[in-house]
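Student: Take this structure first; my questions come after.
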Amino acid sequence: MRVLGIDPGLRNLGWGVIDVAGSRLTHVANGVCRSDGDDLSERLLSLFNQLSEIVARFVPDTAAVEQTFVNKDGAGTLKLGQARGIAMLVPARAGLSIGEYAPNTVKKAVVGVGHADKGQIGHMVRLQLPGAEIAGADAADALAIAICHAHHAQSAGRLDAALKRASA
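Heads up: the sequence shown is residues 7 to 174, going by the working numbering.
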């Protein structure tokens, strides 16, 4: 299974692609889409085009996006929500199922605690994907989201299998 993880951001949208075979995770690629343009619509279109190219190039089987939390800056939260809309739209348009995860869920899946800092996330992503050259904190977060989705998909698969065995 190939997983695309997306860390939404209006200026910098992190992305990471991993392959999952059983419990084995393999790094495929990662990077950061940087928005271009002077107004919001141009920046959103720029992110849409860049992320669309990534989906076409790496052909993921599923995607995962970090959920947005509301902060004190209402206008900033709305802009982040619009970037998150792009992060949801592009994989949906490609026919992918999309998992959504709260930041604390991602941190707990990758680091083991729900209040880890960016440095801890980057460190644990590097440990789980040895040899991966990570394009920055936003890309590390996106890879963490992909790892979280892989763990949740594996757990769901084991649960489905157990339920099928129990009903047989």
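For every residue, glycine included, the Cβ atom is placed at its ideal position computed from N, Cα and C.
For L135 and V23, I'd like the C-alpha separation in whole angstroms.
Tutor: 11 Å
Student: Would you mind reading off the limits of the alpha helix (DSSP H) that contains H129?
Tutor: 124–134
Student: Counting only the same chain and skipping the five closest in sequence on each side, list residues whose C-beta sits under 6 Å from that of A108.
Tutor: Taken in chain order, the residues that qualify are Q73.
Student: Tell me the DSSP secondary structure of G28 in three-state form.
Tutor: DSSP places G28 in coil when its eight states are reduced to three.
Student: Within the continuous alpha helix (DSSP H) that includes S47, where are the two ends?
Tutor: 46–64
Student: Could you give the C-beta distance for V38 and D144, rounded to a whole number, given that I count them as a contact under 8 Å?
Tutor: 5 Å
Student: According to the neighbour-count rule (16 or more other Cβ atoms, all chains shown, within 10 Å of its Cβ), is K78 buried or exposed?
Tutor: exposed
Student: Would you kindly work out how many angstroms separate the C-alpha atoms of K124 and G101, rounded to a whole number?
Tutor: 31 Å
Student: For G105, report the span of its beta strand (DSSP E) as first-last.
Tutor: 103–107
Student: Taking contact to mean at least 3 C-beta pairs separated by less than 8 Å, is the segment 45–65 in contact with the segment 26–33?
Tutor: no
Student: Do you know offhand how far T32's Cα is from R49's?
Tutor: 31 Å
Student: Determine the burial state of H155: buried for a count of at least 16 other Cβ atoms within 10 Å of its Cβ, exposed for fewer.
Tutor: The residue in question, H155, is buried, as its Cβ has 16 or more Cβ neighbours within 10 Å.
Student: Would you say M7 and T68 are within 8 Å of each other, going by their C-beta atoms?
Tutor: Between M7 and T68, the C-beta spacing is below 8 Å.
Student: Exposed or buried, what is R99 when buried is set at 16 or more other beta-carbons lying within 10 Å of its beta-carbon?
Tutor: exposed
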